[in-house]
Structures are given as C-alpha cells and as structure tokens.
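Numbering (this note's numbering), first residue to last: 1098 to 1168.
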C-alpha cells in the first residue's frame, strides 16, 4: 500500500532504500510509502490527499498512480 501526497516543496527524497530517489516538484501528487508520507507531512514538505470518504487516499503497491485516478 502507498499513500498519496502532494509536495509543498520541491526537492529530492528517498523512499525505500532499494528504490531510486524521488525528484519532486511543488504541487505534484505522488504515491509513496506510508512512512515517507508521514515524515514529509510532519516536516511540512507535503500534504496528505484525502478521498471523498475522509480517509487518506491510498493505492496498492502494484498499481500505477496518476493524479486523474483520484477517487
């Protein structure tokens, strides 16, 4: 499971050690691991995206997230 966030700051972030760096632009939405999402939100580098049910928007690990996929 990955959590969808929107970056509030551009930068380079590392999600999982076996994956490459994430190059993020301000305003871009991306699905990341829950731990990276929590870290970036707590630092003010991202905001969580919520679904219509009021819960954080998530996607399965094997799904490709595209911002227009928001449910």
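By construction, the Cβ of each residue, glycine as well, lies at the ideal position given by its N, Cα and C atoms. For clarity, every value in this text was computed on a predicted model and none was experimentally measured.
Selection from the options that minimises the alpha carbon distance to residue i
i            : options                   : result
residue 1182 : 1150, 1134 and 1111       : The question about residue 1182 has no answer here: the residues shown for the chain are numbered 1098 through 1168.
residue 1147 : 1164, 1141 and 1136       : 1164
residue 1107 : 1161, 1149, 1117 and 1137 : 1137
residue 1103 : 1161, 1142, 1152 and 1151 : 1142
residue 1132 : 1117, 1113 and 1161       : 1113
Residue environment, residue i, which counts as buried when at least 16 other CB atoms sit within 10 Å
i            : result
residue 1109 : exposed
residue 1140 : exposed
For residue i, three-class secondary structure by DSSP
i            : result
residue 1153 : strand
residue 1168 : With a pLDDT of 46 at residue 1168, under the threshold of 50, the modelled position of this residue cannot be trusted; read the value that follows with caution. It is coil, neither helix nor strand.
residue 1125 : coil
Assumed close pair residue i, residue j - CB separation to whole angstroms, cut-off 8 Å
i            : j            : result
residue 1129 : residue 1100 : 6 Å
(request) Decide yes or no for the touch test of the region 1106–1125 against the region 1148–1157: beta carbon pairs closer than 8 Å, at least 3 of them. (result) no
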